[in-house]
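Here the sequence shown stands for residues 6 to 379, where the numbers follow our numbering.
We put the CB at the ideal spot given by N, CA and C, even for glycine.
Since we're looking at a predicted model, the values are computed, not measured.
Following: one structure in structure tokens, then a few remarks.
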Amino acid sequence: MAEIRYDLNTGYPHLSVIPRDALARLSNELICANRGLQYGGDLKGVLFGREAVANFLQRHTDSAVQPSDLILTSGSLQGIDIACRALCIPGDVVAVESPTFFFAISILRMSHVKVIGVPMTPEGIDLDALDALAEKYGARLRMLYTMQTYQNPTGLCTAAAHREKLVALAKRRQFAILEDTAYQFLHYGPPPPPMLRHFDPGGGTVITVGTFSKIIAPSLRQGWLWSTREQTQLFATYKADASASLLTTEILSEYLKQEDIDAQIAFLQDTYRRRRDKMVEALKQYLPDGAEWIAPQGGFFVWIVLPPHLSATELRALTQAQGMDFMPGQISFAGETADRYVRLCFTYAEEEALDAGIAVLGACLKEHEKQVAR
Ligand SMILES: Cc1ncc(COP(=O)(O)O)c(C=O)c1O
6 MAEIRYDLNT GYPHLSVIPR DALARLSNEL ICANRGLQYG GDLKGVLFGR
56 EAVANFLQRH TDSAVQPSDL ILTSGSLQGI DIACRALCIP GDVVAVESPT
106 FFFAISILRM SHVKVIGVPM TPEGIDLDAL DALAEKYGAR LRMLYTMQTY
156 QNPTGLCTAA AHREKLVALA KRRQFAILED TAYQFLHYGP PPPPMLRHFD
206 PGGGTVITVG TFSKIIAPSL RQGWLWSTRE QTQLFATYKA DASASLLTTE
256 ILSEYLKQED IDAQIAFLQD TYRRRRDKMV EALKQYLPDG AEWIAPQGGF
306 FVWIVLPPHL SATELRALTQ AQGMDFMPGQ ISFAGETADR YVRLCFTYAE
356 EEALDAGIAV LGACLKEHEK QVAR
């Protein structure tokens, strides 16, 4: 395989946006002061860390957030694992969007549950199909894993009315909603509607996972699981690592105290908006008719649906030979699906790839169409 010069596959932040100087200074100061070197001592995460995250969430949502409603997790991925293991028994059903975040499918399956995809409409998850699934499986449908804001991989953001109906459906059918808010703060236009928790004011139905990976640094592995005080007590008993890293909890807490997280988020929004625009311009310029996509209003990804007679796998073989890579969208589905989806990430590659990589994609797509027509 040719060397990949244009990596539009990897869904990471670019290293240049990470506040390296602040993290270096805080790490040095904390370690030299003998802070953060011990075990954390509390399955939920140390109180000052939960206070810092509660304060952050309180300022960025319209909900009252108590430290006792939070568990600090090793990234939001651990929150998904804990919620699923605590709420489900093997054989239970967990619904996911079709498509969804590919790694969440693997994590959920680690709990030996049956993961079933529910189709997406342009408005969000198909509520009638979800209702039909609840009718079919009854109490075995324990949980829905969902992203409402700039979904990975489609970039879709649902309207407030759809969110409200989804929470009402979950309450009526008595399944939990695990909302992943990884991209909630990364909007490149007007802010998105509030998280689902807003539509479940006292909590109990909606459980929220979130992360500092996308707004500070993935390597901190600092995320949160936000539920009720009672659910938090239960979830803590499923925490297998004693506590989140005390060192990175200390770093995070001091970062939130001493640095301006709102300025960091504004900087990310400006940077990623520019990158999104660049990719969108290139898509308009180079992609042949027939490939469908919409410009996302936030998040990391653009999702392309190819015409039914084309194959993303064959297209990828052509682009890889030209040094460009994308994520084949098929892995984002819990069940069988067509091979006609392409996920592009605009936050990780070098900026030139946002134009040059899309030029390769467009040329390979035309080449693939010719091959199929022969
Ligand atoms: C939707 C979603 N959730 C969670 C994660 C991972 O988050 P964390 O680093 O907090 O574990 C990602 C990262 O790609 C993601 O896209």
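So residue i and residue j are in contact, right, with Cβ under 8 Å, and what is the actual spacing, rounded?
i      : j      : result
LEU13  : GLY362 : 5 Å
ARG3   : PRO206 : Here the chain comprises residues numbered 6 to 379, so residue 3 is not present and cannot be evaluated.
PHE305 : PHE351 : 7 Å
ARG253 : LEU225 : Reading off the sequence, residue 253 comes out as Thr, not Arg. Contact holds; Cβ gap of about 4 Å.
ILE76  : ALA241 : 6 Å
PHE136 : LEU161 : The sequence given here places Asp at residue 136; Phe does not occur at that position. Rounded, the Cβ-Cβ distance is 20 Å, inconsistent with contact.
TRP229 : THR78  : 6 Å
GLU357 : LEU31  : At roughly 33 Å, the Cβ-Cβ gap does not stay under 8 Å, so GLU357 and LEU31 are not in contact.
PHE107 : ILE336 : 4 Å
ILE309 : GLU319 : In fact, because the Cβ distance is near 15 Å, the residues do not count as touching under 8 Å.
MET115 : GLN325 : Actually they do not touch by this definition, with Cβ atoms about 30 Å apart.
Could you tell me whether the Cβ atoms of residue i and residue j are closer together than 8 Å?
i      : j      : result
THR237 : ASP86  : no
LEU366 : TYR291 : yes
GLN302 : HIS373 : no
LEU149 : LEU183 : yes
VAL101 : TYR142 : no
HIS139 : PHE180 : Sequence check: residue 139 is Ala here, not His. Cβ atoms of ALA139 and PHE180: closer than 8 Å.
GLY96  : GLU255 : no
TYR380 : GLY16  : Nothing about residue 380 can be reported from this structure: the residues present for the chain run from 6 to 379 only.
VAL307 : LEU349 : yes
LEU82  : ARG147 : no
GLY84  : LEU251 : no
LEU257 : GLN227 : yes
LYS371 : PRO293 : yes
LEU323 : ALA317 : no
LEU62  : VAL70  : yes
GLY328 : ARG10  : yes
VAL22  : LEU201 : no
GLN263 : PRO24  : no
Applying the 10 Å Cβ sphere with the 16-neighbour rule, what's the burial state of residue i?
i      : result
LEU35  : buried
THR126 : exposed
ARG2   : Here the chain has residues from 6 to 379 only, and residue 2 is not among them.
TYR346 : buried
GLU8   : exposed
PRO18  : buried
PRO104 : buried
CYS369 : buried
LEU20  : exposed
ALA72  : One point to set straight first is that residue 72 is Pro, not Ala, in the sequence displayed. Per the 10 Å Cβ criterion, buried.
ALA57  : buried
ALA109 : buried
MET332 : buried
LYS49  : buried
GLY209 : exposed
ASN157 : buried
SER111 : exposed
ARG280 : buried
GLY80  : buried
ASP330 : buried
TYR55  : At residue 55 the sequence reads Arg, which differs from the Tyr that was named. Buried: at least 16 other Cβ atoms inside 10 Å.
ALA165 : exposed
ALA59  : buried
ALA144 : exposed
ALA29  : exposed
ALA271 : exposed
ALA38  : exposed
Near ligand 1, which residues have their beta-carbon closer than 6 Å to a heavy atom? Spelled out in chain order, the answer is GLY16, GLY80, SER81, LEU82, PHE106, MET152, ASN157, ASP185, ALA187, THR216, SER218, PRO223 and GLY228.
Taking 8 Å as the cut-off, does the region 131 to 142 touch the region 153 to 164 (at least 3 CB pairs, one atom from each stretch)? The region 153 to 164 vs the region 131 to 142: no contact.
Indicate whether the contact test is met: 3 or more Cβ pairs, each with one atom in the region 212 to 231 and one in the region 177 to 193, closer than 8 Å. Taking 8 Å as the limit for Cβ pairs, the verdict is that the region 177 to 193 does touch the region 212 to 231.
Decide if the region 205 to 215 is in contact with the region 244 to 260; the criterion is three or more beta carbon pairs, one per stretch, under 8 Å apart. Judged by Cβ distances under 8 Å, the region 205 to 215 makes no contact with the region 244 to 260, as fewer than three pairs qualify.
Measuring CB atoms only, is the region 79 to 94 touching the region 278 to 288, in the sense that at least three cross pairs come out at less than 8 Å? The count of Cβ pairs closer than 8 Å, one atom from the region 79 to 94 and one from the region 278 to 288, stays below three, leaving the stretches out of contact.
Three or more C-beta pairs below 8 Å linking the region 115 to 124 and the region 56 to 68: At 8 Å Cβ cutoff, the stretches do not touch.
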